[in-house]
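Colleague: Those protein sequence lines, which keep their order, are chains A and B.
All the letters of the first sequence, read from the start, carry residue numbers 177 to 324 under our numbering.
All the letters of the second sequence, read from the start, carry residue numbers 177 to 324 under our numbering.
From the three backbone atoms N, C-alpha and C, an ideal C-beta is built for every residue, glycine too.
What follows is a single structure, and I will ask about it in a moment.
Number of protein chains: 2
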Amino acid sequence: MPTSTRFAVAVHILTALAVSDGKPLRSEDIAYSANTGAVVIRGLLSRLSDAGLTRSQLGAGGGSLLAKPARKIRLLDVYAAVEDTELFSLHRTPPCESCAVGGNILEAIQPVLDRARKALEAELAKATVADVAAEVARLGKFSIPLVW
Amino acid sequence: MPTSTRFAVAVHILTALAVSDGKPLRSEDIAYSANTGAVVIRGLLSRLSDAGLTRSQLGAGGGSLLAKPARKIRLLDVYAAVEDTELFSLHRTPPCESCAVGGNILEAIQPVLDRARKALEAELAKATVADVAAEVARLGKFSIPLVW
DNA sequence: TAGTGTGTAATAGTGATGGTTACACACAAA
DNA sequence: TTTGTGTGTAACCATCACTATTACACACTA
Numbered sequence: 177m178p179t180s181t182r183f184a185v186a187v188h189i190l191t192a193l194a195v196s197d198g199k200p201l202r203s204e205d206i207a208y209s210a211n212t213g214a215v216v217i218r219g220l221l222s223r224l225s226d227a228g229l230t231r232s233q234l235g236a237g238g239g240s241l242l243a244k245p246a247r248k249i250r251l252l253d254v255y256a257a258v259e260d261t262e263l264f265s266l267h268r269t270p271p272c273e274s275c276a277v278g279g280n281i282l283e284a285i286q287p288v289l290d291r292a293r294k295a296l297e298a299e300l301a302k303a304t305v306a307d308v309a310a311e312v313a314r315l316g317k318f319s320i321p322l323v324w
Numbered sequence: 177m178p179t180s181t182r183f184a185v186a187v188h189i190l191t192a193l194a195v196s197d198g199k200p201l202r203s204e205d206i207a208y209s210a211n212t213g214a215v216v217i218r219g220l221l222s223r224l225s226d227a228g229l230t231r232s233q234l235g236a237g238g239g240s241l242l243a244k245p246a247r248k249i250r251l252l253d254v255y256a257a258v259e260d261t262e263l264f265s266l267h268r269t270p271p272c273e274s275c276a277v278g279g280n281i282l283e284a285i286q287p288v289l290d291r292a293r294k295a296l297e298a299e300l301a302k303a304t305v306a307d308v309a310a311e312v313a314r315l316g317k318f319s320i321p322l323v324w
């Protein structure tokens with residue numbers, strides 16, 4: 177049960193903003209880096225902004241900025257901001273209520289699925305955008321802030 | 177991404193087989209319990225059989241059986257048998273190679289995503305089909321084997 | 001005031017998914 | 001051996017989420 181590409185691109189966006197370190201980035205520039213369209217980026221920025229992770233400056237010289245320090249933004253926050261669907265999908269049509277298994281299977285597996293989901297979320301809570309930005313800087317052999 | 181319901185239905189199938197405890201179940205009967213089509217069930221049984229989790233008896237009185245004890249079948253085995261896609265999707269089109277962030281973001285986030293995936297898998301490895309079957313029996317107030 | 005960039009609606013193409021029909025084949029029961 | 005049952009798989013279809021793209025109103029800066 178896959179996530180959309182939104183999570184990966186959203187992390188990309190936030191990492192770019194972290195690397196930019198206070199200088200507003202245009203959606204078009206982020207789109208170039210992520211190899212997608214500027215509207216896609218703005219759609220994600222809209223979600224990230226709703227979640228309180230980014231903010232925008234309108235007008236010439238404007239763009240997007242982190243709304244709080246990169247080290248305060250956990251990947252879990254990003255995940256929650258852009259992923260809509262449940263990690264585990266259940267039956268498309270609910271199983272037979274009156275069946276021995278069908279009538280109880282959902283309730284029976286829910287605790288296990290919850291534990292699995294929470295384990296995943298706990299890992300995503302351990303890493304921050306600052307961590308990712310630092311790793312990108314290390315791999316790319318540059319320092320933050322990066323002058324574009 | 178439309179997330180698949182295969183995992184939930186596959187667990188349903190195996191739980192039914194565990195509850196049946198050696199008596200072959202027809203795909204049609206499982207389909208009734210899961211509220212889907214028999215061909216959908218047979219498609220999943222085909223994957224589960226390939227993974228060594230079930231086997232089938234052809235002919236009259238035939239159906240499907242567990243290929244090994246329910247307590248030896250971990251939900252992780254089921255997950256691996258029926259889920260095709262990666263848990264985390266990355267960019268649809270690879271990001272800009274020559275960009276500071278785009279050129280390094282994939283490598284930078286991969287370790288985090290791997291840890292998250294492994295944490296999820298570790299939880300799914302802790303639960304078995306026997307556990308789910310026992311929980312279903314408890315909730316449904318019946319004992320295994322259940323005579324249909 | 002002119003120009004820049006955001007925010008969002010609308011639309012379209014794509015791909016995975018699940019539902020369904022059809023049918024060949026293996027096996028059991030008689 | 002024959003008959004009937006149930007599996008295994010291919011083919012086709014409708015649906016839906018997702019991403020890309022166009023279009024345009026609006027806010028803000030220089």
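#1: Kindly indicate if chain B contains any beta-carbon less than 8 Å away from that of A303 of chain A.
#2: Does the count of Cβ pairs from the stretch 200 to 212 of chain B and the stretch 275 to 294 of chain A closer than 8 Å reach three?
#3: Indicate whether H267 of chain A and V312 of chain B have their beta-carbon atoms separated by less than 8 Å.
#4: On a CA-only basis, which of B:Q233, B:A246, B:G238 is nearest A192 of chain B? Give me that one, please.
#5: Mind listing the chain B neighbours of R268 of chain A? Cutoff is C-beta to C-beta under 9 Å, in chain order.
#6: Hey, L224 of chain B and A257 of chain B are a contact pair by Cβ (cut 8 Å); roughly how many whole angstroms apart?
#7: Do you know offhand how far L229 of chain A's Cα is from P200 of chain A's?
#8: Hey, is P271 of chain A's beta-carbon within less than 8 Å of any beta-carbon in chain B?
#9: DSSP three-state call for T191 of chain B: helix, strand or coil?
#10: Residues in the stretch 280 to 311 of chain A with C-beta within 7 Å of chain B's C-beta atoms, listed in sequence order?
#11: Using the three-state DSSP reduction, which class does S265 of chain B fall into: helix, strand or coil?
#12: Can you list the residues of chain A that L251 of chain B reaches, using a CB-CB cut of under 7 Å?
#13: Measure the alpha-carbon distance for V308 of chain A versus R250 of chain B and round it to whole angstroms.
#14: Could you give the DSSP three-state label for L234 of chain B: helix, strand or coil?
#15: DSSP state of S274 of chain A, grouped into three classes?
Modeller: Walking through what the data contain:
#1: yes
#2: yes
#3: For H267 of chain A and V312 of chain B, no; Cβs fall outside 8 Å.
#4: B:A246
#5: T181, V185, N211, T212
#6: Contact holds; Cβ gap of about 6 Å.
#7: One C-alpha to the other measures close to 14 Å.
#8: yes
#9: helix
#10: Per Cβ criterion, the list reads N280, I281, E283, A284, I285, V288, R291, A292, A295, L296, A298, E299, L300, A303, V308, E311.
#11: coil
#12: V288
#13: 33 Å
#14: Of the three classes helix, strand and coil, the one that applies to L234 of chain B here is coil, per DSSP.
#15: coil
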